[in-house]
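Residue numbers (the numbering used here): 513 to 767.
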């Protein structure tokens, strides 16, 4: 996955989703998803004998579920939302906390021109649609060393802005490293790979999957970009077979 630095945060939405519902002889079963947990709410007509208004509402919406018509869909969703909201505090306590799922499903993002959301009829996030990224090269030691300072400043600013936006909406980049930054053919630095995890040397193990880990990795990434003696860049350079062989050939030619 990739994310450009230009984003717009959507309005806050309830921390739950309604994957579906169905009718039973006794009433209605409503399915609720809170984070990664799924819950079932059984709304039974026998519980409303002393509340004719509530019983009528149940019967009306039960008929709407069984109907093929979409004309009453919004009224049905409102009814289901009211029911779900009564149980939401309990569900939020029971549902496991997700610190980082590795994908942008936790993000309420909309980036102008480059990034769009796929949402359902309730506005719940279902997926992401990305502008085609015309990748020119990855951010390697060689690319950095060939870039003038003003270009390095531009890349650093774009990377910092992206991480800042991610953190504002509660998303962790995770595997912060130069390899997970690509340069497109317009010369923009684009952050990629939100699959979680971390790489040794870039983020300490006890900070993996946290904002603190992202900031630590970001600090080392800035050092990688600006400091020609950065240990991470030198390590990458020394392990590059192409550079090593070229260096050996130059040494032999000089002897």
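All residues carry an ideal CB built from backbone N, CA and C; glycine is no exception.
{"Query": "Cα separation between residue 690 and residue 544?", "Result": "40 Å"}
{"Query": "DSSP puts residue 552 in a beta bridge; with which residues?", "Result": "543"}
{"Query": "Which residues share a DSSP beta bridge with residue 532?", "Result": "543"}
{"Query": "Evaluate residue 536 with the Cβ neighbour count: other Cβ atoms within 10 Å of its Cβ, from every protein chain shown; 16 or more gives buried, anything less gives exposed.", "Result": "exposed"}
{"Query": "Would you mind giving the Cβ-Cβ distance between residue 736 and residue 744, rounded to the nearest angstrom? I have them listed as a contact below 8 Å.", "Result": "5 Å"}
{"Query": "Using a threshold of 8 Å, state whether the C-beta atoms of residue 539 and residue 554 are closer than that.", "Result": "yes"}
{"Query": "Grab me the residues of residue 599's own chain with a C-beta within less than 8 Å of its C-beta, minus the 5 sequence neighbours each way, in chain order.", "Result": "544, 551, 553"}
{"Query": "Would DSSP call residue 607 helix, strand or coil?", "Result": "coil"}
{"Query": "Between the Cα of residue 657 and those of 749, 574, 601, 713, spot the shortest distance and give me the residue it belongs to.", "Result": "749"}
{"Query": "Does the stretch 672 to 688 come into contact with the stretch 696 to 706, if we say contact requires no fewer than three beta-carbon pairs (one atom in each stretch) closer than 8 Å?", "Result": "yes"}
{"Query": "Which whole-angstrom value describes the C-beta separation of residue 607 and residue 546, a residue pair presumed to lie in contact below a C-beta threshold of 8 Å?", "Result": "4 Å"}
{"Query": "How long is the line joining the alpha carbons of residue 614 and residue 681, rounded to whole angstroms?", "Result": "Below a pLDDT of 50, predicted positions are generally treated as unreliable, and residue 614, at 42, falls in that range; no measurement from the model is reported."}
{"Query": "For residue 590, name the three-state secondary structure that DSSP assigns.", "Result": "helix"}
{"Query": "Could you name the residues of the same chain whose beta carbon sits closer than 8 Å to that of residue 595, not counting the 5 residues immediately before and after it, in chain order?", "Result": "542, 553, 555"}
{"Query": "Ends of the beta strand (DSSP E) at residue 702?", "Result": "701 to 704"}
{"Query": "Tell me, please, which residues DSSP counts as bridged to residue 655.", "Result": "Paired residue(s): none; residue 655 is not in a bridge."}
{"Query": "According to the Cβ coordinates, are residue 697 and residue 648 closer than 8 Å?", "Result": "yes"}
{"Query": "Cβ of residue 671 within 8 Å of Cβ of residue 693?", "Result": "yes"}
{"Query": "Mind checking which residues open and close the beta strand (DSSP E) that includes residue 649?", "Result": "647 to 650"}
{"Query": "Rounded to whole angstroms, what's the CA-CA distance from residue 741 to residue 660? Just pull it up for me.", "Result": "16 Å"}
{"Query": "Residues bridged to residue 693 by DSSP?", "Result": "703"}
{"Query": "Could you have a look at residue 731 and say whether DSSP puts it in helix, strand or coil?", "Result": "helix"}
{"Query": "In the DSSP assignment, find the unbroken alpha helix (DSSP H) run with residue 751 in it and report its ends.", "Result": "743 to 751"}
{"Query": "With burial defined as no fewer than 16 other Cβ atoms inside 10 Å of the residue's Cβ, what is the status of residue 716: buried or exposed?", "Result": "exposed"}
{"Query": "Can the beta-carbon of residue 567 be found less than 8 Å from the beta-carbon of residue 557?", "Result": "yes"}
{"Query": "Does the distance from the CB of residue 533 to the CB of residue 592 come in under 8 Å?", "Result": "yes"}
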